[in-house]
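Enquirer: One structure follows; several queries about it will come next.
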Amino acid sequence: MNKGPKISDAEWEVMKVLWDHEPMTAVEVLGLLPHDQWKQKTVNTFLARLESKGIIVSKREGRANVYRTLLSENQCRREEGQHFLKKVFRGEVAPMMLHFLESEDLSDKEINELRKMLEDKGK
Numbered sequence: 022m023n024k025g026p027k028i029s030d031a032e033w034e035v036m037k038v039l040w041d042h043e044p045m046t047a048v049e050v051l052g053l054l055p056h057d058q059w060k061q062k063t064v065n066t067f068l069a070r071l072e073s074k075g076i077i078v079s080k081r082e083g084r085a086n087v088y089r090t091l092l093s094e095n096q097c098r099r100e101e102g103q104h105f106l107k108k109v110f111r112g113e114v115a116p117m118m119l120h121f122l123e124s125e126d127l128s129d130k131e132i133n134e135l136r137k138m139l140e141d142k143g144k
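In the working numbering, the protein residues as written are 22 to 144.
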């Protein structure tokens, strides 16, 4: 498993905004987060942490830093997924899939998509 940077739950919220709307300033990031839960200083702190982890980069443009992602959402999702799989399901995919299949309601479309993915994986 690749030992990529760990992203906290709150950092994930900031990253989702960046992935969806980059490049952005810290003020713009705050504007797309729930105002009752976020303050500018907190956003600035998380952006600095994400930059120090090598997940984003900033460039000074005028009076503000503009942030861009260095890692894609899929790259971070893959790392987080591997960590979760190892931590919670001892690295075993089948028990994880069974857990979610048994505990979640799936539409016919989702079931067909899963069936196709498994068939493709078996080839």
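Beta carbons are placed, not taken as given, at the ideal position from N, Cα and C, and that holds for glycine.
Please go through the region 37–77 and give each complete alpha helix (DSSP H) segment of 4 or more residues, from N-terminal end onward.
Expert: Counting whole runs of 4 or more residues, the region 37–77 contains the alpha helix (DSSP H) stretches 47–52, 61–73.
Enquirer: Just reading off the beta strand (DSSP E) that arginine 89 is part of, what are its end residues?
Expert: Element bounds for arginine 89: 85–90.
Enquirer: For alanine 115, count neighbouring Cβ atoms within 10 angstroms of its own Cβ and tell me buried if that reaches 16, exposed if not.
Expert: Under this definition alanine 115 is an exposed residue.
Enquirer: Nearest CA to the CA of aspartate 30: which residue from Pro44, Gly52, Arg70?
Expert: If we check each option's Cα against that of aspartate 30, Arg70 comes out closest.
Enquirer: Going by Cα to Cα distance, which pick from Arg81, Leu92, Lys137, Val87 is closest to glutamate 49?
Expert: Minimum Cα distance to glutamate 49 is reached at Val87.
Enquirer: Could you check the C-alpha separation between threonine 90 and isoleucine 77 for me, to the nearest Å?
Expert: About 4 angstroms.
Enquirer: When the Cα of leucine 39 is compared with those of Ser73, Lys60, Ser79, which residue comes out closest?
Expert: Out of Ser73, Lys60, Ser79, Ser79 has the C-alpha closest to the C-alpha of leucine 39.
Enquirer: Relative to the alpha-carbon of proline 55, which residue among Glu43, Lys62, Glu34, Arg111 has its alpha-carbon at the smallest distance?
Expert: Checked all of Glu43, Lys62, Glu34, Arg111; the closest Cα to proline 55 is Glu34.
Enquirer: Bridge partners of lysine 144, per DSSP?
Expert: In DSSP, lysine 144 forms no bridge with anything.
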